[in-house]
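The block underneath contains the structure these notes are about, expressed in C-alpha cells.
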Amino acid sequence: MESSMSEHGIILRGGEVIDGTKRLRFVADVAIDDDRIAAVGDLSDSTAETVIDATGRIVCPGFVDVHTHDDRMLRDAGDMTPKVSQGVTTVVAGNCGISLAPFVASERPTEPLDLVGDQGDYRYPTFAAFVDDLTRQAPACNAAVMVGHGTLRVATMENTQRPATADEIAAMKAKVGEAMASGACGFSTGLEYPPARKCETEEVIELASVAARAGGIYATHMRSYHVNARTSYDEAARIGREAAIPVVISHFHCHVEDNPGICSEALGWYEKSRAAGADIMADAYPYEASSTSILPEFVEKRTRTLVTWSKPHPEMNGRDLDAIAAEWGVDRIEAANRLAPGGAIYFGRDEENVKRLMTHPGIMIGSDGIPLQRHPHPRLWGTFPRVLGHYARDLGLMEMEDAIHRMTAASADRFGLKDRGRIETGALADIVVFDPATIIDKADFMDPEQPAAGIDHVFVNGMEVWNTSGHAGASPGRVVGQRLA
55 MESSMSEHGI ILRGGEVIDG TKRLRFVADV AIDDDRIAAV GDLSDSTAET VIDATGRIVC
115 PGFVDVHTHD DRMLRDAGDM TPKVSQGVTT VVAGNCGISL APFVASERPT EPLDLVGDQG
175 DYRYPTFAAF VDDLTRQAPA CNAAVMVGHG TLRVATMENT QRPATADEIA AMKAKVGEAM
235 ASGACGFSTG LEYPPARKCE TEEVIELASV AARAGGIYAT HMRSYHVNAR TSYDEAARIG
295 REAAIPVVIS HFHCHVEDNP GICSEALGWY EKSRAAGADI MADAYPYEAS STSILPEFVE
355 KRTRTLVTWS KPHPEMNGRD LDAIAAEWGV DRIEAANRLA PGGAIYFGRD EENVKRLMTH
415 PGIMIGSDGI PLQRHPHPRL WGTFPRVLGH YARDLGLMEM EDAIHRMTAA SADRFGLKDR
475 GRIETGALAD IVVFDPATII DKADFMDPEQ PAAGIDHVFV NGMEVWNTSG HAGASPGRVV
535 GQRLA
C-alpha cells in the first residue's frame, strides 16, 4: 500500500481492490498515469485530472479472454463492444487451429476456417502482415494471437485428408517460425476438424517444438471430447512433453450423452497429470451448450441444435434444427447438409459438470465466442459477468478473488502477457470497475447480443473504453505476446 502526494491522470477513489493474485480484497485508491498504474494505496492527498468514485465497487485487472475467435473482429470491428462491455481488456485469438494468417485463400475457406472469415479475409502471406494490419487499425482491447495448425495445413497442402509429407512439415515449421518471430504468442490445433483429422501426432510435435523454442504456448482443441477423450488427453500431454511446451486444453468440457461418467474421468486425468508435474492448464466457459460449424457428425450426437448462421439459408438463423428438418420433410442430418456452410449451437452438457469446471483452480475462463455468427452463442457477450454474477455471487461456488485470479493473473502469466493481469504499481493499466451486487450477463440464447449489467468502467492501457453510458470511443489496444509489449 502506498501513499502519494502528486498529480495523476486518473484516480479511482475508494474501491475494493481485488488485485488478481488471490489476495483478499482491500480498500485503496488506484492512480493511472499514461498507460501504467502509478500508485495503489491511500492517495487522499493526491489530485488528478479525472477522479472516479469507486466506493462500493470492485476494482480489478481487466479480464483476459484466453479462448476467442476474434481475429477478424479485431481488424474490422475494432470497437470490440462484445468484449469490452463485459470487462475484457485482452483477447487471445488464433484458437482451434484457425488463424487468418499465414494464408492467401483462392476460394471460400473450408470448415472451420469459415467460422473466422471469408475468402477475402484470408489475405496474408505472412503472419507479420496480419500483425501489421492490427497494429495500424488498433482495436479497443489488446490482442494476443496464435498461429493455427489448420490454417497452416490448408495453406501448405493441396489435400489435407492425409498425413503431411516431410517437405510439407518443413514448410509449415518455417511458417510457425515466422509467426513466432512476428509476435505470435503460440501455436494452436483443431484436431477434431477436417483439415487436421488426418495429421499424425508427430507432425504436431514438430510444429509445436518451433513455437516452444520461441517461448510460445500450445493450445489444443483435441481430437475428441467424447468416448475417445482419454486418448485425446494423452495425446495432448505427449505433445507438451515431447515438444517441451506449456499446454492449454481448449474449452475443457464433457458431453454426457454418449458417456455419462466422462467429466469425472476427464477431471481425474487432468488433476493427476498436473500433480505429476505436467505443464498443462485448461480453459472453459460457463454454459451448457457449445458452438461451432454445422457438421453432420456433430448434429448426430446432440439432443438439440440451434442454427447460428447459414450461408445458403440465412432465413434459418436462430431456429431449431429439428423444426427446420420437420418443415423441409427431411431428417436432421440432411437438414444440416442443406444448411452448410454454417454454424450451430449444440446442447448436450450437464450443469453440475459446468459448475465443477467453473470452480476448478486449474481452469482459466475463455468465452470461445464466434463473432461472425449471425445469431451468436451468448458466451460472446456474457461469459465473464456470468461467472462472477451467477456462479460466484448467486450460487456462492467460489470467492470473487479466486474467480478474478483465473480471469486475470493466471491467464496473463500463462500466455506470457508481461505486466498485465494485476493491480500493482508499474503494471499496465488494464482495469475493470464493476458493481459486485449487480454484475450479471444479460445475453441469452434467444437474444444473445446484449451487454452485461454492472460494468461501470473499463480501461485499456490507461484509456477508458467503456462506461455506464456505453462505448467511450477509444481504441488503445495493442498486439501483445511473448515478443511484443
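My numbering applies: residue 55 is where the sequence shown begins, and numbers increase by one.
Ideal Cβ positions, reconstructed from N, Cα and C, are used throughout, including at glycine.
With distances taken between CA atoms, ALA320 lies nearest to MET276 out of GLU296, PRO249 and MET276. Annotation: the continuous beta strand (DSSP E) that includes ASN196 extends over 196-202. In this structure, the alpha-carbon of ALA131 lies about 12 Å from that of GLY527. Residue burial annotation: ASN282 is exposed, with fewer than 16 other C-beta atoms found within 10 angstroms of its C-beta. In the DSSP assignment, SER465 falls within the alpha helix (DSSP H) that extends over 463-468.
Note that the C-beta distance between VAL361 and ILE387 is not below 8 Å. Listed in chain order, the non-local C-beta contacts of ASP124 below 8 Å within the same chain comprise MET134, LYS137, VAL145, ALA147, ALA197, GLY423 and PRO425, local neighbours out to five positions each way being set aside. By the neighbour-count criterion, in which a residue is buried when 16 or more other Cβ atoms sit within 10 angstroms of its Cβ, GLN140 is buried.
Collapsing the DSSP output to three states places ASP73 in coil. As computed with DSSP, PRO115 is found in a beta bridge with ILE485. In this structure PRO217 is exposed. Its beta-carbon is surrounded by fewer than 16 other beta-carbon atoms within 10 angstroms.
Here PHE401 is bridged, per DSSP, to ALA343 and ARG358.
Under the rule that a run must span 4 or more residues, the alpha helix (DSSP H) segments found entirely inside the stretch 172-231 read 181-190 and 203-210. By the Cβ neighbour-count rule, PRO415 is exposed, with fewer than 16 other Cβ atoms within 10 Å of its own. By the neighbour-count criterion, in which 16 or more other beta carbons inside 10 Å mark a residue as buried, THR462 falls on the buried side.
Under the criterion of beta carbons closer than 8 Å, LEU169 and SER347 qualify as touching, at roughly 6 Å. A distance below 8 Å separates the beta carbons of ILE494 and PRO439. The beta carbon of SER236 sits closer than 6 Å to the beta carbons of PHE181, ALA182 and VAL185 from its chain, once the five residues preceding and following it are set aside; these are given in chain order. For TYR272, the enclosing beta strand (DSSP E) covers residues 271-275.
Within a 10 Å sphere around the beta-carbon of MET500 sit fewer than 16 other beta-carbons, which makes this residue exposed. By the Cβ test, the stretch 298-306 is in contact with the stretch 333-343, since at least three Cβ pairs between them sit closer than 8 Å.
Between the alpha carbons of ASN213 and SER153 lies a distance of about 19 Å. When the five nearest sequence neighbours on each side are left out, the beta carbons in the same chain lying within less than 6 Å of the beta carbon of ARG532 are those of ASN196, in order along the chain. PHE513 is bridged by DSSP to ILE485 and GLU518. Here LEU66 carries a strand assignment [DSSP, helix/strand/coil].
With a beta-carbon spacing of about 23 Å, ARG474 and ASP489 fall beyond the 8 Å limit used to define contacts. Here DSSP, grouped into helix, strand and coil, assigns MET454 to helix.
GLU503 sits in coil when the DSSP states are folded into three classes, being neither helix nor strand.
Residue pairing by DSSP places ALA93 opposite ALA85 in a beta bridge. Between the alpha carbons of THR189 and ARG129 lies a gap of roughly 9 Å. When secondary structure is reduced to three states using DSSP, GLU61 falls in the strand class. Closest in alpha carbon position to GLY269, among ALA298, CYS114 and THR143, is ALA298.
Between ARG79 and GLU478, the C-beta spacing is not below 8 Å.
Among the bridge pairs identified by DSSP, GLY237 is matched with none.
Here LEU375 is buried. Its C-beta has 16 or more other C-beta atoms within 10 Å.
MET418 has ASP337 as its beta-bridge partners, per DSSP.
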